[in-house]
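> Okay, so the sequence shown: first residue is 417 according to this note's numbering, each after it adds one.
A virtual CB, placed ideally from N, CA and C, is assigned to each residue, including glycine.
Note that the coordinates shown come from a computational prediction; the quantities given were computed from them, not determined experimentally.
I'd like to ask you about the structure that follows.
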Amino acid sequence: MRRLIHHHAPKLAAATAISAALAVGTALPAHASPTVYRITTVASLAIDVAGASTDSGASVIQWPINNGQNQEWTLVGKTYGSWLVNYSTGKCLSVAGASTEAGAPLVQYPCGDVAYEEWTWEPVNSGTAYLLRNANSHQVIDVPGGTGNWGTQLEQWPSNGNPNQYFWFYGVA
417 MRRLIHHHAP
427 KLAAATAISA
437 ALAVGTALPA
447 HASPTVYRIT
457 TVASLAIDVA
467 GASTDSGASV
477 IQWPINNGQN
487 QEWTLVGKTY
497 GSWLVNYSTG
507 KCLSVAGAST
517 EAGAPLVQYP
527 CGDVAYEEWT
537 WEPVNSGTAY
547 LLRNANSHQV
557 IDVPGGTGNW
567 GTQLEQWPSN
577 GNPNQYFWFY
587 GVA
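If you want it as structure tokens, here you go:
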């Protein structure tokens with residue numbers, strides 16, 4: 417049975433839980449069992465598979481929290497980082513076309529042993545949030561222009577210290 421941790425819980429508590437599971441700049445240990453998270457942006461919007469699509473290549477966007485499983489992610493330890501696996505589809509957060517270019521969009525795709533589907537974590541904002549860095553491009557997940565617009569597709573971008581690249585993790589199971 418899954419349960420939602422109260423969404424007003426302090427961000428520090430969520431960061432502490434993630435910190436306990438992840439070492440700085442590394443991935444979830446391979447032996448750890450996955451936990452389900454809702455990952456939110458600085459605008460308090462969830463990382464979401466657009467339209468709850470099950471299609472490979474479906475856009476990964478920011479969207480208001482709606483308690484949908486398309487907004488829930490598990491962490492699975494891999495060689496260079498961790499997969500972020502969508503709870504609803506079982507597909508991985510991926511960089512479209514395995515691109516290493518700044519601005520490449522994020523999509524979901526079947527998980528494979530490829531670095532462009534692996535992510536590492538770096539604590540920011542006094543340890544309450546994380547940068548999610550792609551193991552292939554070494555760029556981070558970014559909300560383009562820092563917009564709070566619903567439906568904005570997330571992308572990879574060089575780390576720049578701006579909060580539109582910060583993400584918060586909330587346990588939902």
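To the nearest angstrom, how far is the alpha carbon of Q572 from that of N482?
Going from the Cα of Q572 to the Cα of N482 covers about 24 Å.
> Give the straight-line distance between the Cα atoms of F583 and Q478, rounded to the nearest whole angstrom.
The straight-line gap from Cα to Cα measures roughly 11 Å.
> Given this structure, state the Cα-to-Cα distance separating E534 from A462, to the nearest angstrom.
Going by the C-alpha atoms only, they are around 19 Å apart.
> Grouping DSSP H, G and I as helix and E and B as strand, with all else coil, what is E571?
Three-state result, E571: strand.
> By alpha-carbon positions, which one of L570, N541 and G567 ends up nearest to N578?
Considering only alpha carbons, the answer is N541.
> State the DSSP-derived secondary structure class of G587, mapped to helix, strand or coil.
Reduced to three states, the DSSP call for G587 is strand.
> How many angstroms separate the CA atom of W566 from the CA atom of H554?
Each residue's alpha carbon lies about 26 Å from the other.
> Per DSSP, S498 forms a beta bridge with which residues?
Answer is G493 and W535, bridged to S498.
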